[in-house]
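**Q**
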Amino acid sequence: MTRRKELTVKLNIKAFEENQKKYNLNEEGKCAECMEISPSQLWKVKTGIHDPGKDFIAGALKAFPNTSFDELFFLPGVSRQRDEFPKDKAI
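With positions in the sequence shown counted from 1, the corresponding number in my numbering is that position plus 19.
1. Do P84 and L30 have their C-beta atoms within less than 8 Å of each other?
2. What is the DSSP secondary structure of L26, reduced to helix, strand or coil?
3. Taking only the alpha-carbon atoms, compute the straight-line gap between T86 and P58 and give it to the nearest angstrom.
4. Could you name the residues that DSSP lists as bridge partners for F92?
5. On the criterion of 16 or more Cβ atoms from any shown chain inside 10 Å, does V97 qualify as buried, or is it exposed?
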C-alpha cells in the first residue's frame with residue numbers, strides 16, 4: 020500500500036510582507052497583536068520553523084481583510100506559481 024503524501028499549507032512570505040506594509044503592520048508585535056497570535060508564532064511561521072496553523076491563518080485573514088486565502092497561502096507542488104520565493108526567505 021502506498022502512503023498518501025501529506026499536503027501542508029505554506030505561507031506566501033512575499034504576499035504576507037506586502038500586506039504588512041499595505042496595512043501598516045510592519046512592526047512584528049503590532050502585526051501579531053492584530054492577528055491575535057504571539058510574536059513568536061508569527062516569527063516561527065515567517066522563518067519556516069512552523070507551518071501556519073488554523074489560528075495563524077484566521078489571524079492573517081482578519082488582519083488583512085481584503086486579501087484572499089489564495090494570495091497568502093499555498094500548497095507546495097499544487098499551487099506551483101507560488102512555490103518560488105526569494106532565496107533569503109525560509110519557508
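Even glycine gets a Cβ: it sits at the ideal position worked out from N, Cα and C.
**A** Taking the structure as given:
1. No, these two residues do not count as a Cβ contact at 8 Å.
2. In the three-state reduction of the DSSP assignment, L26 falls in the coil class, being assigned neither a helical nor a strand state.
3. Those two C-alpha atoms are separated by around 21 Å.
4. According to DSSP, F92 shares a beta bridge with L30.
5. Under the 10 Å beta carbon count, V97 is surrounded by fewer than 16 other beta carbons and is classified as exposed.
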